[in-house]
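Chains as they are written, first to last, in my numbering: chain A, 4 to 395; chain B, 4 to 395.
The beta-carbon is built from N, C-alpha and C at its ideal position, and this holds for glycine as well.
It should be emphasised that the depicted structure is a prediction, and the values quoted were computed from it without experimental measurement.
For reference, the structure is listed below as structure tokens.
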DNA sequence: ACATGTTTGTTAGTAGACCTTCCTTACTAA
DNA sequence: TTAGTAAGGAAGGTCTACTAACAAACATGT
């Protein structure tokens, strides 16, 4: 028995006018730029290849690939490597490869309050030159000038053409590289990317440090396309990769997970501690490096392990809804291994599995980030690769 | 004093080879399809416009827009509406408009266990015809046949060309419309979209019901581009929109938030209840419609309010990390208003604000979904619009 | 009333991007 | 030696969107 009515009353009321619609026209030249990035991406990830290899991988014809490769050869981005040595049927292939060592990327890591870390890197992330410049507590305009100076020095020191400058900075940063707010540097509404780009004459990309870390782990560290990376340092932050894309969020503040309340009055036997943000019981009050050190200070190894496990459980409880809602494949921890990579990580894993349904928690991995030391620099390099060459 | 070292030791180790790389070549014809969608999208959202209007809005030239519009006129997707009546300077514009009433979309909502809800709708979501077919407890192949029959009847009953069929179904569903698992229908690995498409000769799109609801609210309900919609019915699910795109997740299971553990032994004075999934304390055990009804049954109004508020606080605690990590702008609740839209929603809002940092929680809205009754159908229609015409 | 300026939409020509088809080259296999 | 296979290039065609120029149809100012 089926009921049928004509012209039902319930109607959504028609389409809604939206102010901000992301309407970007696509011209043939954009298509070409995209295909060019496909070629570069193939060479970046797969190494030296023949034009025919690239054609098979990208779906483009050999003719088109030859054309694109010719353009890249003319730009010196790609080098002719001669015929392939392996013996196969048919005409031997001539290999072409990305000239990754003949182009440099300048990267800066502003995560550390006391020191600006900088590097000149090749396109594949090898560090060619390093600088560590004490900030001397500079903030505001002085800090911006310092960053500009370091960047200029590195750009000038680079012995190869510089593709661009990538900067990894704490704070809320929009798509254009404007620092909306970075309290620890006293920056509010500072157009860092456009300022440096104008001063140095080189493309500059700026993004949040946790986000760049996520990018770095994805491109260089083999992280999954659906990953959250939790960075533990002075504070606690997170970078989120969903289906291979960085999550920016409504107000460019995605990943600001350090100030979620995780400790309640009546829960788990903990007492909420005051937080720098003026509230109490934030994740940062238990998981930041200083908080962890305070917690284990003077404890016997066994008690310290229990204390760290307790924090791990809190982290697991906090992440369970995020992992479930996004069906993430991996959770990465970045920070001091002696604190994180032990009872804390194990307890967090257990808690996360226990609190999520099997289909979510089953093949979930919770591991340490692999690029710990240079993750932020590597991520900053990816910013440039992605922004200038379209390589992800 | 700055330290400089050459050729530092820490190197990321080069790029990683990735199996699944989303390399899709872009041809000029794809660019044209994109621009065509831009024109359709403008007409959909802004209503009848002149070619010059569309050119200004899309950034394309008037020549190109004229060309695209001519093609759409030839396809009868767009109609010539004559000259604009308003008096302005210059040659009067001739308006063109989407022929939304001259094309139909067939939509099915499989959320309800007992009944298949179906509709014939116009492109702007007006319901032209409705069907409610009892399932009679059919499952597995029988249920699939039933769905196919209903879809066929509606396609044949449509008095205008059918652009496609959109289906909103519970369960885990991949991008191709294959139902990975839908326990309540006994479907495991059922290629619903391709099966129906072959049987009906019309494009068929299938997606998770919570996800389609999110799409519907975004397109017809004015929801923000960064939104989570929590659907409360027999179970609890969620649909997630991040930066305007649906989140699918690693295993297409994003949004499965109903089975996150939210009630602990030692917490908040609640006792964890057993859940259908075999675990205890899941969100579904307190927030599903039956659970809520059980909870307030026989209570005095005042006590019922307190009970609902308690569930609201639990929901707020669960969502706080998600909202923070993704910097969401809106949380929508979909389900029985008499249970959700009151103390529960208010308590959840308060809890959510209290547990997130101000920059996140400040302009966060937690409101009821606007399309409650037909949200799933509207969302299914959006699936078709988006898949066939590129309208979002 | 009439010239002037503005806006619309079309026509014609151009440049770019990729395709299909055909060819040469250079190797392996029988 | 003869086939067969694969790589790469050359020629020609189609598609796409652009610029430039223009006619039509209106409002406005004198």
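Helix, strand or coil at residue i according to DSSP, with G and I counted as helix
| i | result |
| --- | --- |
| residue 191/A | strand |
| residue 285/B | strand |
| residue 392/A | helix |
| residue 359/A | coil |
| residue 172/A | strand |
| residue 255/A | coil |
| residue 211/A | strand |
| residue 370/A | strand |
| residue 24/B | Reliability of the predicted coordinates at residue 24/B is poor, the pLDDT of 46 falling under 50, and the value obtained from them is presented with this limitation in mind. Three-state DSSP puts residue 24/B in coil, outside helix and strand. |
| residue 57/A | helix |
| residue 44/A | helix |
| residue 450/A | The question about residue 450/A has no answer here: the residues shown for chain A are numbered 4 through 395. |
| residue 234/B | strand |
| residue 93/A | coil |
| residue 52/B | strand |
Rounded straight-line distance, which links the Cα of residue j to that of residue i
| i | j | result |
| --- | --- | --- |
| residue 174/B | residue 183/B | 7 Å |
| residue 403/B | residue 307/A | One cannot answer for residue 403/B here, as it falls past the ends of chain B, which runs 4 to 395. |
| residue 90/A | residue 225/A | 32 Å |
| residue 260/B | residue 148/B | 30 Å |
| residue 79/A | residue 194/A | 32 Å |
| residue 137/A | residue 215/A | 22 Å |
| residue 374/A | residue 131/A | 17 Å |
| residue 140/B | residue 391/B | 33 Å |
| residue 263/B | residue 263/A | 18 Å |
| residue 327/A | residue 320/A | 11 Å |
| residue 314/B | residue 346/B | 9 Å |
| residue 109/A | residue 382/A | 12 Å |
| residue 230/B | residue 37/A | 30 Å |
| residue 379/A | residue 256/A | 18 Å |
| residue 104/B | residue 393/A | 42 Å |
| residue 40/B | residue 371/B | 31 Å |
| residue 211/A | residue 176/A | 6 Å |
| residue 284/B | residue 294/B | 12 Å |
| residue 242/A | residue 234/A | 8 Å |
| residue 266/B | residue 278/B | 11 Å |
Chain A contact for residue i (CB, 7 Å cutoff)
| i | result |
| --- | --- |
| residue 256/B | yes |
| residue 260/B | yes |
| residue 138/B | no |
| residue 182/B | no |
| residue 324/B | yes |
| residue 353/B | no |
| residue 161/B | no |
Below-7 Å beta-carbon distance, residue i vs any chain B residue
| i | result |
| --- | --- |
| residue 232/A | no |
| residue 318/A | no |
| residue 46/A | no |
| residue 340/A | no |
| residue 329/A | yes |
| residue 58/A | no |
Proximal residues to residue i (C-beta, below 7 Å), its chain only, five neighbours per side dropped
| i | result |
| --- | --- |
| residue 200/B | 206 and 207 |
| residue 76/A | 83 |
Neighbour list for residue i in chain A, Cβ cutoff strictly below 7 Å
| i | result |
| --- | --- |
| residue 51/B | Result: empty, since nearest Cβ-Cβ is about 13 Å, beyond 7 Å. |
| residue 235/B | By Cβ distance, chain A contributes nothing, its closest Cβ being about 15 Å from residue 235/B, past 7 Å. |
| residue 363/B | 256 and 259 |
| residue 405/B | The structure shown has nothing for residue 405/B, since chain B only spans 4 to 395. |
| residue 185/B | Residues of chain A passing the Cβ test: none, with the nearest at roughly 13 Å. |
Beta-carbon proximity list for residue i, same chain, < 8 Å, skipping 5 on both sides
| i | result |
| --- | --- |
| residue 54/A | 65, 68, 69, 72, 96, 97 and 99 |
Chain B contact residues for residue i, given Cβ-Cβ distances below 9 Å
| i | result |
| --- | --- |
| residue 37/A | 27, 28 and 29 |
| residue 70/A | The premise fails here: residue 70/A is roughly 13 Å from chain B at the closest Cβ pair, so nothing lies under 9 Å. |
| residue 33/A | 29 and 34 |
| residue 357/A | 264 and 282 |
Interface partners of residue i on chain B, CB under 8 Å
| i | result |
| --- | --- |
| residue 111/A | What residue 111/A touches in chain B: nothing, since even the nearest Cβ is about 13 Å away. |
Proximal chain B residues relative to residue i, where beta-carbon distance stays under 7 Å
| i | result |
| --- | --- |
| residue 360/A | 259, 262 and 280 |
| residue 1/A | Lying outside 4 to 395, the shown extent of chain A, residue 1/A is not represented and no answer is given. |
Contacts that residue i makes with chain A (C-beta to C-beta distance below 9 Å)
| i | result |
| --- | --- |
| residue 332/B | 252, 253 and 254 |
| residue 41/B | 26, 27, 28 and 29 |
Proximal chain A residues relative to residue i, where beta-carbon distance stays under 8 Å
| i | result |
| --- | --- |
| residue 229/B | 252 and 253 |
Cβ neighbours of residue i in the same chain (closer than 6 Å, five flanking residues each side left out)
| i | result |
| --- | --- |
| residue 168/B | 109, 154, 205 and 207 |
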